[in-house]
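All remarks here apply to the structure that follows.
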Amino acid sequence: MKLLFHFLLSGIILPFTSCSQPNTQHKTDISNPPSMSETNYNPLTPEEERVILYKGTERPFTGKFTDNKEEGMYICRRCNAPLYRSHDKFDSHCGWPSFDDEISGAVIRTPDADGRRTEITCAKCGGHLGHVFEGENMTSKNTRHCVNSVSLQFIPAGKNLPGAQVLTGSQNSPELKAGPNTDTAFFASGCFWGTEYHFSKANGVISTAVGFMGGKTSSPSYKEVSKGNTGHAETTEVIFNSDKTDYETLTKLFFETHDPGQTNRQGPDIGTQYRSAIFYRNESQKRIAEKLVDILLEKGHKVVTEVTQAGPFWKAEDYHQQYYEKTGGSPYCHRYEKKF
């Protein structure tokens, strides 16, 4: 599909296991606070200020979220911006909450002042979260966000976010807008660049990410999937505000922005990775998808779309995320056609 050369930066893997501050350098200096606007930010306790504003570290195994197993979302303690989802949290036994992925655009990585590690901060307010490590092979994503509990708030699944704020915008330019409840959908309709393009512009969509689903291998690369041997489909994850849109509306958009009658291809892109598929997360999503397939068949449309239970979503490389937004182009095989 993509006749382009992509250049990937290879990282140097360093053997660091702790997100704590070094003892010899870069100690917290509370006499010279960082210059961050306080507008609309939550009040912080002295301990939260020490960590979030002055880049301190809480003692290991003392944080309230280290062993939290509940489903939900972790948001910034300072500004309420969504940062991490519970299904990306794992037990690293390092003494701090650990995640192997973040919500797209929510976290900024910066070389740490110690010259060795990579600091992670909230993309909205700049508050210190912790550090990120790669190459430890703790999960298939090979990434560990080591985060201070005091930098986080936890919102259980189904609950509103404080201040009714959710993350919107692109990976490069996140912003906060009003809206409480969220849900997630997974769609495959050929080249995921074009699929994401249309969903990212849809009303009520909070964020999108592209990756792979429905295959037989773990953490596949784009190159591996492109060979057609892993069984994955190029898939778009759509996180949406369920008070502004719904799953049925988004599924209709899915059918109206590609040809669901093409088998293992979409336009010039040929292969099982380009198949049309809906990966449902629950019985409600399954019923809606099957209902819309039946409607299209009754209208005389050919539909070969697979309706399959969602499995692991493996996020694609960074250069694939928000591709057309970055390049300024537009989809070559995804066009809108009203079908409902």
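The opening residue of the sequence shown carries number 2 in the working numbering; numbering runs sequentially from there.
Glycine included, C-beta positions come from ideal geometry on N, C-alpha and C.
Glu-235 is positioned such that its CB atom lies closer than 8 Å to that of Gln-274. Boundaries of the beta strand (DSSP E) around Ser-277: 277 to 281.
Within the same chain, and ignoring the five residues on either side of Gly-216 in sequence, the residues whose Cβ sits closer than 6 Å to its Cβ are Thr-231, Gly-232, His-233. Measuring C-alpha to C-alpha distances from Ala-124 to each of Cys-147, Asn-81, Phe-134 identifies Asn-81 as the nearest. By the neighbour-count criterion, in which 16 or more other beta carbons inside 10 Å mark a residue as buried, Pro-157 falls on the exposed side.
Pairwise C-beta distances place the segment 240 to 253 in contact with the segment 200 to 208, as three or more of them are shorter than 8 Å. Between the alpha carbons of Ser-285 and Thr-67 lies a gap of roughly 32 Å. Rounded to whole angstroms, the gap between the alpha carbons of Ser-152 and Phe-241 is 25 Å. Per the C-alpha coordinates, the member of Asp-244, Ala-186, Tyr-333, Phe-341 positioned closest to Ala-311 is Ala-186.
DSSP, read as helix, strand or coil, puts Glu-291 in helix. Looking at Ser-93, Pro-44, Glu-49, Glu-48, the one whose alpha-carbon comes closest to that of Phe-62 is Ser-93.
Remark: C-beta atoms of Glu-225 and Thr-209 do not approach each other more closely than 8 Å. In this structure Lys-70 is exposed. Its beta-carbon is surrounded by fewer than 16 other beta-carbon atoms within 10 angstroms. A residue is called buried when at least 16 other Cβ atoms come within 10 angstroms of its Cβ; Gly-330 does not meet this threshold and is exposed.
Under the DSSP definition of a beta bridge, Gly-212 partners with Thr-236, Lys-316. The bridge partners DSSP lists for Thr-111 are Glu-120.
Measuring C-alpha to C-alpha distances from Thr-306 to each of Arg-276, Thr-328, Ile-104, Lys-292 identifies Arg-276 as the nearest.
Shortest Cα-Cα distance from Lys-327 to any of Ala-114, Ser-201, Val-108 involves Ser-201. Membership of Phe-155 in any alpha helix (DSSP H) is not indicated; the residue belongs instead to the beta strand (DSSP E) covering 153 to 157. Between Val-308 and Pro-261, the gap from beta carbon to beta carbon reaches 8 Å or more.
For the options Cys-192, Lys-245, Thr-237, the alpha carbon positioned closest to that of Asn-182 is the one of Lys-245.
For the 8 Å CB-CB criterion, Phe-255 and Phe-188 form a contact. Here the C-alpha atom of Pro-47 lies approximately 11 Å from the C-alpha atom of Tyr-55. In terms of CA proximity to Gly-106, Gly-127 leads the group Thr-58, Ala-114, Gly-127. For the 8 Å CB-CB criterion, Phe-100 and His-129 do not form a contact. About 17 Å separates the CB atoms of Glu-135 and Thr-122; that is not less than 8 Å, and the two are not in contact. Across the structure, Phe-341 and His-199 are spaced so that their CA atoms are roughly 17 Å apart. Counting along the chain, Thr-250 sits inside the alpha helix (DSSP H) bounded by residues 248 to 257. Note on Tyr-337: under 16 other CB atoms within 10 angstroms of its CB, so exposed under the neighbour-count rule.
Under the DSSP assignment, Arg-51 falls in the alpha helix (DSSP H) whose first and last residues are 47 to 53. Distance from Ile-104 to Arg-86 at the Cβ level is roughly 7 Å; contact confirmed, criterion being Cβ atoms closer than 8 Å. Contact check for Lys-65 against Ser-150 passes: the beta carbons are separated by less than 8 Å. Contact check for Ala-317 against Gly-212 passes: the beta carbons are separated by less than 8 Å.
The alpha carbon of Asp-270 has as its nearest neighbour, out of Asp-113, Glu-72, His-335, the alpha carbon of His-335.
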